[in-house]
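Under the UniProt record's numbering, the residues of the sequence shown are numbered 1 to 682, in order. This report concerns only the one structure given below.
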Amino acid sequence: MGGKKHAKRGKTSESTNKLLPKNAEEFANPKFWEKFNEETREFEWYGSYKELSGTIEKYIKPSYKYLQIGCGNSNLASDMYDAGCHNITSIDIDERSIKQQIKKNAKRPELVFKQGSVESIAEENASFDIVFDKGTLDALLPKDGKKNSALVQAYFDEAFRVLKVDGLFMIVTLAQDQILEFVTSYVEKRASTQGCLLRIEKVDNSEDARLKKSISFPVYIVVITKLSKPIDTAESFIEVVPSKMVSPPVQCKGAIDIKAIMSQDRELQYFVAICATQKLSTEHLLQLHSGITGNLRFEIIVVDDLDVEVPKTYAVFIVPADRNNEYLFDCIEGRMALLKDLQYDRLTIIRLQDEEYYESLDSVKNELNALAFCLRPRACEDDHVQMLSIGPTFTKKMIVAKGEGINGPWEVLHVQQANGECFRQLVFTRVANLVQSEARIIENFDNPEETVIDTKTLTCSYQQTMLGSILFLELFRNQSDEQLEANLCVLGLGGGSLTTFLHDTFPKSTITAVDIDKETFDIAKQYFGLPNNSPRVDVILEDAMVFLEEVSAGQRVKKPFDVVFLDISGDHHVDGLVCPTPEFAIRMVFQLVKECMAPNGVLAVNVVSRNMTSRQNVMREFQGVFESSFMFSHDTDLNVVLFGTDQPEAKKTLTINGISHLADSKWIKVKPHGVTSFPKDL
1 MGGKKHAKRG
11 KTSESTNKLL
21 PKNAEEFANP
31 KFWEKFNEET
41 REFEWYGSYK
51 ELSGTIEKYI
61 KPSYKYLQIG
71 CGNSNLASDM
81 YDAGCHNITS
91 IDIDERSIKQ
101 QIKKNAKRPE
111 LVFKQGSVES
121 IAEENASFDI
131 VFDKGTLDAL
141 LPKDGKKNSA
151 LVQAYFDEAF
161 RVLKVDGLFM
171 IVTLAQDQIL
181 EFVTSYVEKR
191 ASTQGCLLRI
201 EKVDNSEDAR
211 LKKSISFPVY
221 IVVITKLSKP
231 IDTAESFIEV
241 VPSKMVSPPV
251 QCKGAIDIKA
261 IMSQDRELQY
271 FVAICATQKL
281 STEHLLQLHS
291 GITGNLRFEI
301 IVVDDLDVEV
311 PKTYAVFIVP
321 ADRNNEYLFD
331 CIEGRMALLK
341 DLQYDRLTII
351 RLQDEEYYES
361 LDSVKNELNA
371 LAFCLRPRAC
381 EDDHVQMLSI
391 GPTFTKKMIV
401 AKGEGINGPW
411 EVLHVQQANG
421 ECFRQLVFTR
431 VANLVQSEAR
441 IIENFDNPEE
451 TVIDTKTLTC
461 SYQQTMLGSI
471 LFLELFRNQS
481 DEQLEANLCV
491 LGLGGGSLTT
501 FLHDTFPKST
511 ITAVDIDKET
521 FDIAKQYFGL
531 PNNSPRVDVI
541 LEDAMVFLEE
551 VSAGQRVKKP
561 FDVVFLDISG
571 DHHVDGLVCP
581 TPEFAIRMVF
591 QLVKECMAPN
601 GVLAVNVVSR
611 NMTSRQNVMR
621 EFQGVFESSF
631 MFSHDTDLNV
641 VLFGTDQPEA
651 KKTLTINGIS
661 HLADSKWIKV
671 KPHGVTSFPK
681 DL
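Below, the structure written as structure tokens:
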């Protein structure tokens, strides 16, 4: 039955598909196989010897004696003979197939073909070095083939009977769950009387599939070694050799572990097959986990240039872990821009992970070189893959504190950049390592309890942009930072760096900071210098929505706000929108904020999205609430800051304040020409 299978591999004819058996019993019926072999010639479900040879040749020798179970009309024995393995006996239940094989191999006199059944093999005990099965086990034991379990049990007993000690039972299979369960169960039961070693290895034919431009089922070889003595199953293990593209051999126990590993490997094989044989209309993502730690080790994203009909040129771009949340690497639009900038037809972007150890960039390249090679587009003829990268932002990093609050898991980090500058960061780890707050470290990087931070400098570019809202204020004209008397509100405290900066930079202004997460306040006070007892800072632990409703109703505050900074993010996002959270990204909320503001007040909203559509949706909701709406975005940042105000001459005021305060107010980073109106095609 070699080469017979109930599920197709590669491309088959319509007539062949019609020949597939309707139930499990037909697999053991000689009449079925007689008809099958009559209407299909030299049929290879699992690939030819050439495709299998790279995997099986390490196990075989010309001097060995072989038994092929279920030869059908396969050329396996013929090809092995031509490769130097002459002593091969093949059996099959179908008499016509045996006659055809004898006739076809008349010039190969040492090949023996016999009609016979797997449950009663007419050969002497311990007479073969290798028993070879290519598809027969899969044929006998399909998913619904429980009725054949007794037949398969008898087959395995016979195979082990005719095997020599230290001989190999080699099974070419798709290794579906029912196969894995039976094989592992059989080996475990046999261990008390006949020790066995079990190894499962992926057949490496990815390049053949790429050249054939077809998606094929991943094929594996199960290798069972017959030992001379029983073994202790508690001390034994099963070795799985998944795809050589990424993984070393894995040692595991039992069917559950094996099925989990094989499921991951099949996912990898399918991912590679899609990328190797098709032009991609959307980017494709695969996550690879470490076989040692179980943690996510690589995120692999493959993107094709949609303007190119047939992708040919190809490169790989490796992203250091600390740069994953940058615009070019963290969203579809950014990755497409990177592809265009690099001028390749296809780009594989590999994102390294913060908690994984990588010895060096070269070690990463070596680890992923085989996989990267297999992800080439099918029209690519380059034998060498160009591997690009960008230097890490940080050369040194330490975790100062970690925990979990309403906003999800968080970490306070000390990081040192390549230029020597040091920073303290608050990172929400569940949201693509989103940096919520950052402060420059003045001294004591390595001693967090003694660390001194600069509270009068904002280092996060989006916070610097949000400060541009102050430039829209008419009351800021002809006043210095020290003279400005404004009532400011921060919705979403984060690490408190913005609130602390406002307090220290504008000594006559008052600040109200609102957040629902008590742990956030504790972090801000302990690590980012949030004033504890300043009469100018009112810290409110409450849902910002409730707070806004109370203020609009005339409660809570005596004076309306001149500027409101809306910077509320969470640990979950919808359609790529990270900030503000969906409930705060609607027109009703923007209108509610306006009701809490002075007549010519300004609202600044931090919008973080990995999706252009969701970003535009927020802008549509924002548009029309105020007389004037503006935006400011960075080419290399996910953040877009929206400004809204009823100030009659908003852009003129922005320009005048920006110019007049530029020399004295070092915090001004927003240039008036960079603040633009909303696109007309929203």
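Just so you know, even glycine gets a beta-carbon here, dropped at the ideal spot from N, CA and C. All values derive from a computational prediction rather than experimental measurement.
Under 7 Å Cβ to Cβ from residue i, same chain only, skipping five residues before and after it: list those, please.
| i | result |
| --- | --- |
| glutamine 616 | Leu682 |
| isoleucine 98 | Asp92, Phe113, Lys114, Gln115 |
| glutamate 485 | Lys508, Ser509 |
| leucine 211 | For leucine 211, the predicted model reports a pLDDT of 48, less than 50, meaning its position is unreliable and no value from the coordinates is stated. |
| phenylalanine 182 | Leu141, Val152 |
Return the CA-CA distance between residue i and residue j, expressed in angstroms with no decimal places.
| i | j | result |
| --- | --- | --- |
| leucine 180 | lysine 259 | 7 Å |
| glutamate 583 | proline 672 | 31 Å |
| alanine 154 | serine 117 | 10 Å |
| phenylalanine 472 | arginine 378 | 55 Å |
| tyrosine 327 | glutamine 464 | 17 Å |
| serine 552 | serine 677 | 28 Å |
| glutamate 42 | isoleucine 102 | With a pLDDT of only 46 at glutamate 42, under 50, the local geometry of the prediction cannot be trusted, and no value is derived from it. |
| tyrosine 358 | leucine 371 | 17 Å |
| glutamine 264 | arginine 351 | 19 Å |
| glutamine 483 | asparagine 657 | 14 Å |
| glutamine 555 | phenylalanine 622 | 25 Å |
| serine 469 | isoleucine 399 | 33 Å |
| valine 187 | valine 250 | 18 Å |
| glutamate 123 | lysine 134 | 19 Å |
| leucine 548 | valine 602 | 15 Å |
| glutamine 417 | isoleucine 441 | 12 Å |
| proline 679 | aspartate 354 | 37 Å |
Give the range of the beta strand (DSSP E) segment to which residue i is assigned.
| i | result |
| --- | --- |
| threonine 655 | Where threonine 655 is concerned, there is no enclosing beta strand (DSSP E), although the alpha helix (DSSP H) it sits in stretches over 650-660. |
| tyrosine 66 | 66-69 |
| isoleucine 261 | Looking at the DSSP string, isoleucine 261 is not in any beta strand (DSSP E); the run it does join, the alpha helix (DSSP H), is 254-277. |
| glutamine 115 | 112-115 |
| aspartate 454 | 452-454 |
| threonine 89 | 88-92 |
| isoleucine 238 | 238-241 |
In the DSSP output, which residue or residues are listed as bridge partners for residue i?
| i | result |
| --- | --- |
| arginine 346 | Asp304, Tyr314 |
| cysteine 422 | Gln416 |
| proline 409 | Glu404 |
| serine 633 | Val640 |
| glutamate 299 | Gln287, Arg351 |
| lysine 508 | Paired residues: none, contrary to the question. |
| cysteine 489 | Thr512, Val564 |
| asparagine 606 | Val641 |
| valine 537 | Ile511 |
| cysteine 196 | Lys226 |
| leucine 163 | Phe128 |
| valine 435 | Val427 |
| lysine 396 | Gln416 |
| serine 149 | In the DSSP output, where bridge partners are listed per residue, serine 149 has none listed. |
Hey, residue i and residue j: beta-carbon distance below 8 Å or not?
| i | j | result |
| --- | --- | --- |
| serine 127 | valine 162 | yes |
| methionine 631 | leucine 642 | yes |
| threonine 173 | valine 222 | yes |
| phenylalanine 445 | serine 389 | no |
| glutamine 647 | threonine 653 | yes |
| glycine 674 | aspartate 567 | no |
| leucine 491 | lysine 518 | no |
| valine 364 | arginine 376 | no |
| threonine 184 | alanine 255 | yes |
If I follow the unbroken alpha helix (DSSP H) through residue i, where does it start and stop?
| i | result |
| --- | --- |
| threonine 500 | 497-505 |
| arginine 190 | 177-190 |
| isoleucine 102 | 95-104 |
| cysteine 579 | Run containing cysteine 579: none in the alpha helix (DSSP H); it sits in the beta strand (DSSP E), 577-579. |
| serine 389 | Not the alpha helix (DSSP H): serine 389 falls in the beta strand (DSSP E), residues 386-389. |
| isoleucine 56 | 49-56 |
| serine 363 | 361-374 |
Quick one: what's got a C-beta closer than 6 Å to residue i's C-beta in the same chain, skipping five residues either side?
| i | result |
| --- | --- |
| cysteine 489 | Thr512, Phe561, Val564 |
| lysine 65 | Asn87, Phe128, Asp129 |
| isoleucine 231 | Ala191, Gly195 |
| alanine 159 | Val131, Phe169 |
| threonine 313 | Tyr344, Asp345 |
| tyrosine 46 | Lys134, Gly135, Val172, Val219 |
| leucine 577 | Ser609, Ser614 |
Within the same chain, show all residues whose beta-carbon is closer than 8 Å to that of residue i, passing over the 5 residues directly before and after it, in chain order.
| i | result |
| --- | --- |
| lysine 22 | With a pLDDT of 40 at lysine 22, under the threshold of 50, the modelled position of this residue cannot be trusted; read the value that follows with caution. Nothing meets the Cβ criterion. |
| isoleucine 516 | Ile406, Leu541, Glu542, Asp543, Ala544 |
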